[in-house]
Structure formats: structure tokens, C-alpha cells
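Residue numbers (our numbering), protein chains in the order written: chain A, 1 to 352; chain B, 1001 to 1352.
There are 2 protein chains.
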Amino acid sequence: MEPEATASPRPTLAAVAARAGVSVSTASLVFSGAGPVAVATRDRVLAAATALEYGGPDPTARSLRRGRSGVIAVITEDRLTDAFRDPMNLAFLDGVAQAFGDERTGLLVIPLAAESGVDLSAPPMDAAILLGCSLDLSSSVEVLRRRRIPIVAVEAEPFEGVLLIDIDNRAASRRGAQYLFELGHRRVATVTLALDATRTAGPLTLEREAAATGNTTRQRLAGLREVYPEATGWSTSGSYRADGYAAGVALLDRPDRPTAIVAQSDLLALGVLRAAEDLGIGVPRELSILGFDGVRLDEAAPHEFTTLAQPAVEKGEAAAAAVFAALAGERPEPVLLHSELRVGTTTSVAPR
Amino acid sequence: MEPEATASPRPTLAAVAARAGVSVSTASLVFSGAGPVAVATRDRVLAAATALEYGGPDPTARSLRRGRSGVIAVITEDRLTDAFRDPMNLAFLDGVAQAFGDERTGLLVIPLAAESGVDLSAPPMDAAILLGCSLDLSSSVEVLRRRRIPIVAVEAEPFEGVLLIDIDNRAASRRGAQYLFELGHRRVATVTLALDATRTAGPLTLEREAAATGNTTRQRLAGLREVYPEATGWSTSGSYRADGYAAGVALLDRPDRPTAIVAQSDLLALGVLRAAEDLGIGVPRELSILGFDGVRLDEAAPHEFTTLAQPAVEKGEAAAAAVFAALAGERPEPVLLHSELRVGTTTSVAPR
DNA sequence: CGTTTCGATCGAATCGATTCGAGTACGCTA
DNA sequence: TAGCGTACTCGAATCGATTCGATCGAAACG
Chain A
1 MEPEATASPR PTLAAVAARA GVSVSTASLV FSGAGPVAVA TRDRVLAAAT ALEYGGPDPT
61 ARSLRRGRSG VIAVITEDRL TDAFRDPMNL AFLDGVAQAF GDERTGLLVI PLAAESGVDL
121 SAPPMDAAIL LGCSLDLSSS VEVLRRRRIP IVAVEAEPFE GVLLIDIDNR AASRRGAQYL
181 FELGHRRVAT VTLALDATRT AGPLTLEREA AATGNTTRQR LAGLREVYPE ATGWSTSGSY
241 RADGYAAGVA LLDRPDRPTA IVAQSDLLAL GVLRAAEDLG IGVPRELSIL GFDGVRLDEA
301 APHEFTTLAQ PAVEKGEAAA AAVFAALAGE RPEPVLLHSE LRVGTTTSVA PR
Chain B
1001 MEPEATASPR PTLAAVAARA GVSVSTASLV FSGAGPVAVA TRDRVLAAAT ALEYGGPDPT
1061 ARSLRRGRSG VIAVITEDRL TDAFRDPMNL AFLDGVAQAF GDERTGLLVI PLAAESGVDL
1121 SAPPMDAAIL LGCSLDLSSS VEVLRRRRIP IVAVEAEPFE GVLLIDIDNR AASRRGAQYL
1181 FELGHRRVAT VTLALDATRT AGPLTLEREA AATGNTTRQR LAGLREVYPE ATGWSTSGSY
1241 RADGYAAGVA LLDRPDRPTA IVAQSDLLAL GVLRAAEDLG IGVPRELSIL GFDGVRLDEA
1301 APHEFTTLAQ PAVEKGEAAA AAVFAALAGE RPEPVLLHSE LRVGTTTSVA PR
């Protein structure tokens, strides 16, 4: 049996140091780069490391000593498929990853699906970013807070001890509604994102609206209500084209149909557009559609949605920046980003 | 100044034990659940923990002692936006997450973009899953191997020390091509995924094809070649509708256009379909389109692609199962999953 | 030539838990 | 009453590094 064939447990820094004939502390200096080490010594240590196939200092041990794991958690409320099907969330994540840049930081993705039984006290993390979390902020946050790690929440309700990265959802929604109003629309309906964790689709009632827990959904609804207090609506189970389609049919296939529909996402707007097409309703001549988010959907071609474009990547960068600031011991300020009304081809003056 | 207002560093198990008047080992037993503890003692410890706002044992310290971090890394070659825009990858991830189930395991997502300078030796992980990685397997794998952790690769080339979770890409592709052949098609072109990390789009030449490093791309191409050695083609920069559209135009807008196109993904197929529509080419009467993956794209309606459906979620589950087996000390076997030819409405007999 | 300074190296403490073997007290059986 | 098992608790070693302060020799300075 060859010596190389024996099951080799991970060699330790001590083993490398011994083989190189130096102390553990010196060997450590070679790998961490802190402190002066003679070139000859460094080479000997590295040679020993190569010989032993040493893979570098154990990340866990290093983390313990340094008090940093190099991991930032992104906590979503949905299953990954749902969370990442939304282009906004993906763009956000890329913003985060991009802001990490050279920092040696990993992204721990934790889907906090209801009843999934994940334990936020177990995984290693230096900070947490809550993405699209609404319902049980309190319990999750409590666990994280006890861990004494910085918590950043995106588009969530204000919560003590949680740094907010927010978008002007309400104001943007109002601006969009205002735009429709100025175009002469008086009969307006809305297609909302999920109202709560149950994600029940159906007509919007006062009770359901009042009981809504989804923060983004509520904010956008509130902005609309400032202009159209009486607007009817339909809530969906998620930001998908098919949900938008179903909502569109429900709202449009009736005599007293609205002249404009405010969809809470561009994907929903796309579904509404298709529903209108199938029902033979001309867009934007007979029906104006306002989207949300500012995803560029080439599937909508030849249309381009009038939409409220939000800086999703910046949102991610802001979140990452806040995390780093907090880890550096600073007290970062909450961030409020702004959406922009981008006028496309799906809105026009109201039909008489 | 209130005592609560003082900056409170994370309390340790020792602090809790001291306050409860027990030894550290006993306190540890309370939290880890191993070993018998008197009810009265347990309550005292928990009370002390609550009083100090102790958030449970430090994950890093626990990891060091236990030799497990509870983190599985998923390493992708692209930026996250690109990697997760592919529905197959998302489904895969969900399969992984689902297989984790109750195991207290987190998913560390590492985008290994070229030149991104991520260091695979730094982040904590118990095992690694390589997803859609092709080019520098060797260097990445070397780093991971030195860490003595199990490595699982999905749809990659065989590599020593790497457990393969594979799909019968080549055979499936051949089957699809065979199907087209039986329908009478003789002039066939293909739209491929990215050939290599440069992701250059353009006509498929012998040189480019020979130099291709993308494993999935190559396998699917090879299967096609077994039936249509002379097929022309166009390589894209990624699995997007727009790329498929561009390829479609390039291949179809010419007198000697093919009677069938094999797209290496359903999204590419969708682009080709749109291109055909815009060029006034009837599908499937004048042009048959074969997709790949088996994503159900309702945007294709009223069409449903003839496609090679692959079990993406199962792929994720298989990868997770392999990881757990390896961590349990077993020697898991490589897995080969099978695609299924699903006949839709985009293929028919070749035009005369 | 004595003293200071700096570079290189090392020993030992430390990070915060887990775990094993040992010790104690108590109740039960013979 | 001696012997023994059980239930509970504790001390100490350990996981694999980092880092502070001390040491030592050699070069630089006055």
C-alpha cells in the first residue's frame, strides 16, 4: 500500500509548520500575509504545504478566531423558484454580489418558506438581508437580533433594530395613478401582488385589503387609493404572467370594465395585456395598462409598458453597502430609493 | 445610562452557565440535547439564556468542534442573473433545497465569474456542487480537493475525484434528431447554447465546434451530428429568447433555409419561433422546431414545443442525495438521468 | 564601541463551543 | 448493610487557527 493511498485527513497548519521546521505562528503569518516573513522561510512553508496538499487555513477555525465567517445571508420568504423567478430579486442579488466585489464574502441563500423549519440560529452568517419578507418578521428578526448581527430588510415595514432599504412604492404608485388620472381615466382597476403568505387569488375586498401583510403590495395599493379610492381590483398569488392573465380576464370580461388597469408588476401587466388581446380589447386605445418595476420584457413587443421603473441593482448595492458599514462598526442610515415613471406604449387618453 | 443600553457583546455559553450556576458542559448539554439533564437544571439554564438574550451556541465555534459547517456550496460559472435566469437551474436548486428538508443545511451560492477573484478556499462549506461549470474545472476542483470535501458536478466532463450527476444529453439529442429524420427532414440547422466562456455568438464552424468547452453544448451537438453530420448552425451567447431570435433570423432569412431547427433550449426555441413568425414562415408546416429542457412556456401559446424534457428537480435531489451520502462516509455512485421526447405542436412532416 | 532599532521568529493565550471520562449522590436490590 | 446501577453534573482536553508580547541577532546610528 502506497503511503499516498492512505486515507489522509485534512492536514493542519501545525503539520505544515512541523514539516517546514518553523513554529505554527510563523506558518500562520505566511498564509494570512500579516507580519514580515523571510523569503526563505515563506518558501519552505509553502513547499511543505504543497507536499502535504494543505488547502489553506481551515475556514471554520479562522472564522472562530477572527469573529467573522465571511458569509452574508439572504433570506427570502418563498421557495427559491418563486423568489428568483422575479427578475427584480435577481437583479437585486446581482447588485449585492457585485458590491461584494473583492471582499471575500459568500451569499448564503435561505428560503424561509412557511413551515420549512429552518433555524436561523444555526447557519453561520455575519449579517442578514431580508428580501421580500413580510409576515413573520418579528420572530425571524428576534432570532437574528439575539445573534447580535446586523439586519437589513428590503421593502419591509419599519422594525426596530432593522435597517431599511426602501423604495418609494407608495409615492411611485400615486404618481402612476396621477398620470392615468390626467389622461382622463376614471374607471380604474388594479392587479396586485400577493396580499399575504397564503397567496390567495381573488377579487379585492375591503376585508382582504385591510388584512394584507405584504408590505410592497400594501404600499402600492395605498398610493393608488390616494388617487382612486374606489378602484376595484384582483389579487394574485404571485408575479407571473399567468396570474396576470387570469386577473385580466376577471376584470375585463364584463360590461362595466375599467378603462385602465394598474398592475403591480410588469409580469402581471404582461398577463393583462394578453388577456386584453384575447378579449379583443385594444391597447392602449380601449385600455391603458400601467406596469411596475421596469423590467424590459421583449415578450411584450411591439408594446413597451408604461411602468414605474425601480433601480433594482442599486437596491442590492445599497443593501450590501449597508451591511459592510454595519460590520465596520458604523451606524448606516436607512436608504430610500426612487422609482421613475417610464412612459411606454400601453397608456393613452381614456376612451370617451 | 441604563444597564441595558450598554453595548452588549454576544454572551457566551460560559456566561449563561455562570448565571445559571452550572458548568459549561451542562449548559452545553441543554442546548445540544445530548445527554440527560435534570428538568430543574434545564429550566435554570434556559432562564439564564433568556435573561442574557443568549442566541444559542455560536455556529462558528460549534462548526469547528463538530467539523461540519452545515453549508453546501453551489458554484456557478455565470453571474447570478445569468445562472438563475435559466429555469432549469432554478428547478435544480429547488430540488436541492427540497432534498435538504430538515437537515440544517444552508446553500452558499458562489458565482465563479471569470476574473471575479473569488477564492474557493475561504468560504465555509462541507461540500460543493458545481453547476454548469465547464472551463476551469481543473483549477477550481484542485482547490476544493485540497479541502478534502466531496465535490459533485452536474452535467460536466468526467473528472477524477468529482462525482457526476449527468443527463443523457447526447442520446436525447440523437433521439430528437432521429425523430426529425423520420418526419422526413433532411435540411436541418441547430441553435446552440454558448460554446465556451467567451459566449461569442455566430455561425457554427468546424474550428469553433472543435474548440467548444461547454459540456452540455457539446454533448447535444454530438448527438445531433450522429444523425445530421452536415447540419449547419448558429451559436448563441446564452439561453435567452432574444439570442434565439437572432439565431433564427440568421438561419431562416435565406433562400436555402432549413426545414427544421434544433434549439438547445426551449427559450432559444421560443426565439426561433418568433423569428419564423416575423419572417412569415409557418410553424410547423414550413418549419419544425425542436426544443430542449421541457420548460413549459406559456408564452409560446398556442404552441407547445416538441422538446426533450429533462427531470431538473430530480437532478437537484440527486445532487443533494449524493452530497449527503458522501458526507456520511459512503461512496455514492454517479447518477445518469434520462430525458424524454415530448411531442408538441412545433414539429411535423417535412414540407416537400 | 555601546546602544537603539528593526526584522524575523516563537510561545502561549484565546476564540466558543463539544465531548469523553470521571465523580457524586441517591435509591434499589440482595 | 454492603454492593451496584442510574441519573446527573463537572473538569479538562480538543477542534485549528490568529495574534499579542517577548526574544534574539544583526544592522544602523551617534
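Yeah, the Cβ is synthetic: ideal placement off N, Cα and C, and Gly gets one too.
Distance, residue j Cα to residue i Cα
i         : j         : result
A/Leu107  : A/Val188  : 42 Å
B/Leu1221 : B/Pro1203 : 14 Å
A/Pro332  : B/Pro1284 : 58 Å
B/Phe1031 : A/Ala320  : 33 Å
B/Leu1341 : B/Gln1310 : 9 Å
A/Leu29   : A/Asp43   : 12 Å
A/Arg62   : A/Ser138  : 32 Å
A/Pro351  : B/Ile1129 : 56 Å
A/Glu161  : A/Glu277  : One detail in the question is off: residue 161 of chain A reads as Gly in this sequence, not Glu. Taking the straight line joining both Cα atoms gives about 48 Å.
A/Thr190  : B/Pro1158 : 53 Å
B/Gln1098 : A/Val118  : 12 Å
A/Thr41   : A/Ser25   : 12 Å
B/Val1295 : A/Ser339  : 33 Å
A/Leu80   : B/Leu1080 : 13 Å
B/Leu1287 : B/Thr1347 : 7 Å
B/Arg1254 : B/Ile1261 : 14 Å
Status (buried if at least 16 other CB within 10 Å, exposed otherwise) for residue i
i         : result
B/His1185 : buried
A/Asp293  : buried
A/Gly223  : buried
B/Arg1206 : Before going further, note that residue 1206 of chain B is Leu rather than Arg in the sequence given. Classification of B/Leu1206: exposed, given that the 10 Å Cβ count is below 16.
B/Arg1066 : exposed
A/Asp78   : buried
B/Ser1265 : buried
B/Asp1256 : exposed
A/Val39   : exposed
B/Gly1329 : exposed
A/Val349  : exposed
Sequence-distant residues of its chain with Cβ nearer than 8 Å to residue i (five each side left out)
i         : result
B/Tyr1240 : Arg1085, Leu1267, Leu1268 and Gly1271
B/Glu1314 : Gly1095 and Leu1337
A/Leu52   : Pro11, Ala15, Val16 and Arg19
B/Ile1165 : Val1152, Ala1153, Val1154, Glu1155, Lys1315, Ala1318, Ala1319, Ala1322, Pro1334, Val1335 and Leu1337
A/Pro302  : Thr345
Nearest-angstrom beta carbon gap, residue j and residue i [assumed within contact, 8 Å]
i         : j         : result
B/Tyr1245 : B/Ala1201 : About 12 Å separates the two Cβ atoms, so there is no contact after all.
B/Ala1091 : B/Ala1312 : 4 Å
A/Gly33   : A/Ala83   : In fact, because the Cβ distance is near 38 Å, the residues do not count as touching under 8 Å.
A/Ser121  : B/Gly1070 : With a Cβ gap of about 11 Å, A/Ser121 and B/Gly1070 do not count as contacting.
B/Leu1064 : A/Leu64   : 5 Å
B/Val1074 : B/Val1109 : 5 Å
B/Pro1123 : A/Pro150  : Their Cβ separation, rounded to whole angstroms, is 19 Å, which puts B/Pro1123 and A/Pro150 out of contact at 8 Å.
A/Leu251  : A/Ile281  : Contact doesn't hold; Cβ gap of about 11 Å is too wide.
A/Arg72   : A/Thr50   : With the sequence shown as reference, residue 72 of chain A is identified as Ile, and Arg is not the correct amino acid for it. Actually they are not in contact, since the Cβ atoms of A/Ile72 and A/Thr50 sit about 32 Å apart, beyond 8 Å.
A/Ala263  : A/Gly291  : 5 Å
A/Ala212  : A/Arg218  : 5 Å
Spatial neighbours of residue i in its chain, beta-carbon cut-off 6 Å, leaving aside the 5 residues before and after
i         : result
B/Ala1300 : Leu1270
B/Arg1175 : Leu1341
A/Gly344  : Glu304, Phe305 and Thr306
B/Arg1068 : Asp1126
B/Asn1089 : Ala1083
A/Ser173  : Arg220, Gly223 and Leu224
A/Ala325  : Pro332
B/Gly1035 : Leu1029
A/Leu258  : Residue identity differs from the one stated: residue 258 of chain A is Pro in this sequence, not Leu. These residues qualify, in order along the chain: Arg187, Val188 and Ala189.
Residues near residue i by beta carbon distance below 7 Å, same chain, minus five either side
i         : result
A/Tyr54   : Pro11 and Val16
A/Asp243  : Ala201, Thr236, Ser237, Leu268 and Gly271
A/Tyr228  : Ala177 and Val188
A/Gly214  : Ser134, Leu193, Ala194, Leu195 and Asp196
A/Val37   : Thr26, Leu29 and Val30
B/Leu1013 : Val1024, Ala1027, Ser1028 and Pro1057
Residues, ordered as in the chain, of the segment 1295-1326 of chain B that lie near chain A by beta-carbon distance below 7 Å: Taking 7 Å as the Cβ-Cβ cut-off against chain A, the residues of the segment 1295-1326 of chain B that qualify are Asp1298 and Glu1299.
So if I threshold CB-CB distances at 9 Å, which residues from the segment 117-133 of chain A count as touching chain B? Flagged, chain order: Gly117, Val118, Asp119, Ser121, Ala122, Pro123, Pro124 and Met125.
Could you please tell me which residues of the segment 91-105 of chain A, in chain order, have their CB closer than 7 Å to any CB of chain B? If the cut-off is 7 Å between Cβ atoms, the segment 91-105 of chain A has Ala91, Leu93, Asp94, Ala97, Asp102 and Arg104 near chain B.
Members of the segment 154-178 of chain A near chain B, C-beta cut-off 8 Å: Of all residues in the segment 154-178 of chain A, none is placed with a Cβ closer than 8 Å to any Cβ belonging to chain B.
Anything in the segment 36-57 of chain A with a Cβ closer than 8 Å to a Cβ of chain B? List those residues in chain order, please. If you check each beta-carbon in the segment 36-57 of chain A against every beta-carbon of chain B, the ones closer than 8 Å belong to Glu53, Tyr54, Gly55 and Gly56.
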